[in-house]
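A.B. asks: If you read the protein sequences in the order shown, they are chains A and B.
Letter 15 of the first sequence, counting from 1, is numbered 15 in my numbering, and no numbers are missing.
So the mapping is simple: my numbering equals the position in the second sequence, first residue as 1, plus 1000.
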Amino acid sequence: NAGVTQTPKFQVLKTGQSMTLQCAQDMNHNSMYWYRQDPGMGLRLIYYSASEGTTDKGEVPNGYNVSRLNKREFSLRLESAAPSQTSVYFCASGQNSGNTIYFGEGSWLTVV
Amino acid sequence: RKEVEQDPGPFNVPEGATVAFNCTYSNSASQSFFWYRQDCRKEPKLLMSVYSSGNEDGRFTAQLNRASQYISLLIRDSKLSDSATYLCVVNSGDSWGKLQFGAGTQVVVTP
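#1: Could you compute how far the alpha carbon of G104(A) sits from the alpha carbon of Q1006(B)?
#2: What did DSSP end up calling S84(A) once you bin it into helix, strand or coil?
#3: Roughly how many angstroms lie between the CA atoms of W34(A) and Q6(A), to the nearest whole one?
#4: Exposed or buried, A1029(B), counting other C-beta atoms within 10 Å across all chains shown (16 or more means buried)?
#5: When the cut-off is 8 Å and only beta carbons count, does K1103(B) lie next to chain A?
#6: Between G1010(B) and chain A, is any beta-carbon pair separated by less than 8 Å?
#7: If you reduce the DSSP assignment to three classes, tell me which class D1077(B) lands in.
#8: L1099(B) to V1090(B), Cα distance in whole Å?
#9: Where does the unbroken beta strand (DSSP E) through D1007(B) begin, and where does it stop?
#10: When you compare the CB of E1056(B) with every CB in chain A, is at least one pair closer than 8 Å?
#11: F90(A) versus chain B: which residues are under 9 Å apart at the beta carbon?
#12: Can you list, in chain order, the residues of its chain with a C-beta nearer than 7 Å to that of V111(A)? Leave out the 5 residues immediately preceding and following it.
#13: What whole-angstrom Cβ distance do E1003(B) and N1027(B) have, given they're in contact under 8 Å?
#14: In the DSSP assignment, find the unbroken beta strand (DSSP E) run with D1057(B) in it and report its ends.
#15: Quick one: is S1028(B) near chain A, going by C-beta distance under 8 Å?
#16: Name the DSSP bridge partner or partners of L78(A)?
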């Protein structure tokens, strides 16, 4: 029961480096999401993809880009990492917008 | 004002006791409501959806009060394994219906 799989689980970056977080789901869901979670702030939506071929900005998109590669995969790219992007990143997917979503195990990113 | 607000806690609960806590939301157009559970350093997992008529799942009861714009979660006969952070989730009410997450209420069940 893979569900939502995201990689890497842990990553340390230097300021200015770039990296891509990968996410794949095997539940045939239409919608996919990237969230970040910081202490005391809850989950904040970075980008989402309502369906294959579409992506939209969420609450905190600055410094990130996304690609909905196909129905299964939704990647998040940090072009030039900053210490403010140190966070836990969760990918999620759901069948339809506004309904239940399922999360991956998270990616712990530290930017030094 | 945050769209979804929760008391961060912690709520310290003796094993076997009942604990209840609320979550308020600001968007009166919201249509979908959920409680998620998140264990330390783990991903959030769906605990239960919240229906207008209220619903129960074992020891967990969720209620929705549209007039006052809050949802509640009650846990009866608390178990040590209920220790977690409970996230209130509300859909944004816009045309797409994005989900808004509260920052969570921490529950600590003690022996």
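Quick reminder that beta carbons are idealized off the backbone N, C-alpha and C, glycines included.
C.D. replies: By the coordinates alone:
#1: 24 Å
#2: helix
#3: W34(A) and Q6(A) have their C-alpha atoms spaced approximately 11 Å apart.
#4: exposed
#5: Per the sequence shown, the amino acid found at residue 1103(B) is Ala instead of Lys. Judged by the 8 Å Cβ criterion, A1103(B) is in contact with chain A.
#6: The amino acid at residue 1010(B) is misidentified as Gly; the sequence shows Pro. Judged by the 8 Å Cβ criterion, P1010(B) is not in contact with chain A.
#7: coil
#8: Our two residues, L1099(B) and V1090(B), have alpha carbons roughly 6 Å apart in a direct line.
#9: From DSSP, D1007(B) is part of no beta strand (DSSP E); its letter is neither H nor E.
#10: no
#11: E1043 and P1044
#12: Excluding positions up to five away in sequence, the list reads L13, T15, A81, A82, P83, Q85 and T86.
#13: 6 Å
#14: N1055 to D1057
#15: no
#16: M19(A) and Y64(A)
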